[in-house]
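One structure is given here, and the rest of the page talks about it.
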Amino acid sequence: MYSFKSRVRYSEVDKEKKMDMYSIINYFQDCSTFQSEDIGMGLAYLEKNKRVWLMNAWQIIVNRFPSLGEEITVSTWAYDFNSMYGYRNFMIEDTNGQISAVANSIWVYMDTENYRPIKVTEADIRGYNPEKKFEMDYAPRKINIPKNLDSLAEFPVIRANIDTNNHVNNGQYIKMAEEFLPSGFRIRQMRAEYRMSAVLGDIIVPMVCRENSTYTVVLANQEGKPFTIIEFKQQEE
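Take a look at the structure:
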């Protein structure tokens with residue numbers, strides 16, 4: 065397990081002084097990036113070998129959103145590598161060791177020259193030392209798209225959405241999707257399935273469906289093909 069300690073910053077909270085899902089994802093991404101950099105498998109290694117790990121799916125369960133100024137510990141560990149896929153858990157704990165949020169993630173290893181998935185080798189995963197899979201209720205990787213979606217106003221991808229891979233960062237899609245949740249919607253679980261990469265200048269068409277306590281947000285291109293499908297489940301009262 066790889067961990068680092070932090071304190072919730074003002075820039076990471078919403079109007080209720082609580083972290084949002086986007087901030088949680090940023091902490092998780094930072095944690096896995098720090099681990100890769102520290103074991104010599106970070107961006108320099110990937111760029112040299114023309115490789116990249118791309119997010120394929122998220123499942124994040126939130127027990128509670130940490131508050132402004134709170135001290136937290138963020139942790140991650142790989143639990144499996146299979147063919148072109150990598151599987152990784154994440155966790156945020158408070159000072160009492162209570163879990164605020166836990167996640168499962170699935171990554172695809174890509175060859176950046178031909179932009180195709182490529183099988184992971186032993187050299188590619190040295191230092192990660194897979195550990196035991198976290199005990200949780202694992203959801204399927206794929207998300208069913210509801211039929212009764214409402215299309216909303218489209219918008220362009222801007223420079224602030226783009227990461228070092230020159231496409232929209234996986235967390236940015238979640239930030240976009242959170243805008244379509246009603247005020248007061250408290251997230252218990254978020255799932256995301258990533259199908260295509262949006263790049264600078266692409267037009268995103270959001271489509272939304274509410275079914276009981278679940279909101280599904282599809283962020284698609286102008287032909288209706290999804291970039292990402294995000295499912296939010298509401299906390300029970």
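First residue of the sequence shown: 65, per this note's numbering; consecutive thereafter.
Every residue, glycine too, gets a C-beta built ideally from N, C-alpha and C.
Chain-order list of residues whose beta-carbon lies under 6 angstroms from that of residue i (same chain, five-residue window excluded)
i             : result
arginine 71   : Glu135
aspartate 84  : Asp78
glutamine 236 : Asn225
Proximal residues to residue i (C-beta, below 8 angstroms), its chain only, five neighbours per side dropped
i             : result
glutamate 300 : Arg252 and Ser277
valine 272    : Leu213, Asp214, Leu216, Phe244, Tyr279, Thr280, Val281 and Val282
glutamine 286 : Glu218, Ile267 and Val269
aspartate 144 : Gly150, Tyr151, Pro194 and Lys197
histidine 231 : Ser261, Ala262 and Val263
lysine 114    : Asp175, Thr176 and Glu177
Assigned secondary structure, residue i (DSSP; H/G/I helix, E/B strand, else coil)
i                 : result
aspartate 266     : coil
lysine 112        : helix
leucine 216       : coil
threonine 228     : coil
glutamine 93      : helix
phenylalanine 249 : coil
glutamate 257     : strand
isoleucine 209    : coil
isoleucine 88     : helix
arginine 274      : strand
leucine 132       : coil
Run of the alpha helix (DSSP H) containing residue i, from where it starts to where it stops
i            : result
tyrosine 237 : 234–242
Sub-8 angstroms separation of residue i and residue j beta-carbons
i              : j              : result
alanine 167    : isoleucine 124 : yes
isoleucine 170 : arginine 205   : yes
tyrosine 86    : lysine 239     : yes
threonine 176  : valine 221     : no
threonine 137  : glutamate 157  : yes
isoleucine 209 : isoleucine 89  : no
glutamate 295  : arginine 250   : no
glycine 104    : threonine 97   : no
methionine 148 : valine 126     : no
asparagine 225 : asparagine 233 : yes
Range covered by the beta strand (DSSP E) that runs through residue i
i           : result
serine 51   : The structure shown does not extend to residue 51, since the chain is modelled only from 65 to 301, so the question has no answer here.
valine 282  : 278–284
proline 290 : 290–298
Min CB distance residue i to chain B below 8 angstroms
i           : result
tyrosine 86 : Of the chains in the structure shown, none is chain B; there is only one protein chain.
Beta-carbon contacts of residue i that lie in its chain and below 7 angstroms, excluding the five residues immediately before and after
i              : result
lysine 289     : Met260
asparagine 229 : Val116
glutamine 99   : Tyr66 and Thr140
Residue i: CB within 7 angstroms of a non-hydrogen atom of the ligand FAD
i              : result
methionine 155 : Annotation note on the ligand FAD: not contained in the displayed structure, which lists no ligands.
**Message:** Please give me, in chain order, every unbroken run of the beta strand (DSSP E) with length at least 3 that falls completely inside the segment 135–204.
**Reply:** 135–146, 149–157 and 163–175, all fully within the segment 135–204.
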